[in-house]
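Participant:
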Ligand code: ADP
Ligand code: 5GP
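Residue numbers (my numbering): 11 to 217.
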């Protein structure tokens, strides 16, 4: 185990990137090779895709149910992304960060990272950048899960998202996949080894 102390609470690691940059791919490989790191399971109103599992990939809810959760203040952050609502519920964080003392990886969009920052929530943020906009377009088209229109919208959003890069604690360029995974894992290990929990922990929690 790397630098873990019994008295610590888990750290929130936020991985954000423009759609198609590879955050799901990098997150999956990082989670598979980093002990005591769990993926945050978001709520979403987007329809379930083939191969996805309720409660594993997302918690799929109706829009009115999601809106009621917003009303009740149940989300630490939420955002509308490409026409659907996505959010991280407090309940999901409590279990892993406070009870299990594991670290949590939030794979969320750039707006979600900004809203955690605005609320002063303690977290370590990692921006995953594509090597170029041409490569981003290639990956979005190559993934085969989005229509031409949807690729166009995602590329247009990517311009704004790339401009947010400077606000993140770390930037990793996802050119060679295994290098990017090594770099994300190195950030997590280095943060765990901090002498004092300066940027880590969960003291910004207001419930
Ligand atoms: P995101 O979750 O950011 O939308 P994905 O993880 O779905 O992105 O990746 C988008 C596409 O790019 C997928 O087809 C994936 O296999 C591919 N991909 C991810 N990382 C790399 C990489 N380093 N080199 C080449 N292709 C990649
Ligand atoms: P997808 O529908 O492809 O799974 O995800 C679309 C986008 O929503 C991705 O950028 C993903 O990271 C983002 N997303 C997933 N969960 C959350 C969440 O809880 N909050 C926010 N802000 N974005 C999320």
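We put the beta carbon where it would ideally sit given N, CA and C, even for glycine.
So, at 6 Å on beta carbons, what are the nonlocal neighbours of residue 177 in its own chain, with the 5 sequence-adjacent residues on each side left out?
Facilitator: none
Participant: With a threshold of 6 Å on Cβ separation, who are the neighbours of residue 193 within its own chain once the five nearest residues in sequence on each side are excluded?
Facilitator: 182
Participant: Are the CB atoms of residue 163 and residue 150 nearer to each other than 8 Å?
Facilitator: It is not a contact, given that the beta carbons lie outside the stated cut-off.
Participant: Rounded to a whole number of angstroms, what is the C-alpha to C-alpha distance between residue 172 and residue 94?
Facilitator: C-alpha separation (whole angstroms): 21 Å.
Participant: Are residue 126 and residue 50 touching if we call contact CB-CB under 8 Å?
Facilitator: no
Participant: Please list, in chain order, all residues of the same chain as residue 174 whose beta carbon is under 6 Å from its beta carbon, the five residues on each side excluded.
Facilitator: 120
Participant: Nearest-angstrom Cα distance between residue 130 and residue 48?
Facilitator: 22 Å
Participant: For residue 74, count neighbouring C-beta atoms within 10 Å of its own C-beta (all shown protein chains included) and say buried if the count is 16 or more, exposed if not.
Facilitator: exposed
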